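Asker: Sending over a structure as structure tokens; questions will come in a sec.
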Amino acid sequence: MIGTGILKGMAVTARNLVGSYFDKERLITVQYPEERNPLPENYRNFPFLLYDGDDPHAGLRCVACKICEKECPPQCIYIVKSEDKKPDYMGKPQFYPKVFDIDISVCMSCQICVEVCPFEAIKMDKDFELSTRERFDALLMRKDDLAKSNEYYRRISPIDAAEVDAKLGAAAEAAAKKKAAAPAAAKPVTAATPPASNEPAPSRAPS
Ligand code: SF4
Ligand code: SF4
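Below, the structure written as structure tokens:
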């Protein structure tokens with residue numbers, strides 16, 4: 000019969016309307032912005048830069064290698080590498096981005112910058128309340144706007160952050176073991192000295 004579907008739909012609506020007075024589970028309207036639904040782990044918006052410890056400058060993981068800048072499809076990342084090195088939060092000298100901008104009016108949230116970063120230095124944020132009346136400078140995120148702590152990352156993406164922490168922790172442990180084993184291996188004097196390894200230094204443990 001024509002209209003049966005409409006009547007069935009109205010019945011469901013009426014049942015939920017009446018039921019919502021007795022069962023809070025049926026109240027599905029969220030009174031935003033006072034109330035918010037939790038965002039899923041894999042929700043993503045725009046990228047941010049991670050730092051370890053308490054100091055955004057000292058702890059910034061980014062070494063300004065520019066891989067993300069090169070790979071970003073709409074070319075919305077702009078980096079200027081430092082001429083000097085700064086100690087990271089573990090005291091190891093590293094280059095850093097003198098300038099790191101992301102134009103979020105162009106960013107398409109593809110996450111490619113995150114995928115290509117070898118240092119776990121850039122991750123996707125979940126902050127979506129970024130609307131502004133001005134679409135140029137106000138949507139250009141500078142290094143200081145982008146830098147967020149590892150603690151923040153653990154809060155917004157606990158599963159992924161735990162995986163990254165474990166990976167960096169294991170790499171730091173392996174590096175420490177290798178360093179400890181190096182003097183012992185170097186002690187026996189032989190006729191032919193093996194060539195030095197060109198392997199890059201592994202990443203450090205997260206704070
Ligand atoms: S998410 Fe995609 S578009 Fe946005 S900065 Fe990263 S690579 Fe570029
Ligand atoms: S965020 Fe990662 S890939 Fe981009 S410049 Fe920094 S270290 Fe390199």
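Per numbering that gives the first Met the number 0, residue 0 is the first one in the sequence shown, and the count goes up by one each step. Beta carbons: idealized from backbone N, C-alpha and C, even for Gly. Owing to the predicted nature of the structure, the values given are computational and were not obtained by experimental measurement.
1. Does A63 pass the burial test, meaning 16 or more other C-beta atoms within 10 Å, or should it be called exposed?
2. Mind checking L129: buried by the 16 CB within 10 Å criterion, or exposed?
3. For A120, which residues from the same chain have a beta carbon less than 7 Å from its beta carbon, with the 5 sequence-adjacent residues on both sides left out?
4. Contact defined as beta carbons within less than 8 Å: I believe K125 pairs with N36. What is the distance between those atoms, to the nearest angstrom?
5. May I ask which residues mark the beginning and end of the alpha helix (DSSP H) holding I155?
6. Work out the CA separation of D87 and L38 for me, nearest whole Å.
7. Please state whether the Cβ-Cβ distance between K207 and Q74 is less than 9 Å.
8. Can you say whether G18 is buried or exposed, counting buried as having 16 or more other CB atoms within 10 angstroms of its CB?
9. Going by DSSP, name the residue or residues bridged to V99.
10. Once DSSP output is grouped into helix, strand and coil, what is the label at K125?
11. Give the secondary structure of A63 by DSSP, where H, G and I count as helix, E and B as strand, and everything else as coil.
Answerer: To lay it out plainly:
1. buried
2. exposed
3. Counting only Cβ-Cβ distances below 7 Å, and skipping sequence neighbours, we find L48, L49, R60, C61.
4. The C-beta distance from K125 to N36 rounds to 12 Å, too long to meet the 8 Å contact threshold.
5. According to the DSSP assignment, I155 belongs to the alpha helix (DSSP H) that extends over 149-155.
6. 32 Å
7. With the chain covering 0 to 206 only, the question about residue 207 has no answer from this structure.
8. exposed
9. Note on identity: in this sequence residue 99 is Phe, with Val being the wrong assignment. F99 is bridged to I78.
10. coil
11. coil
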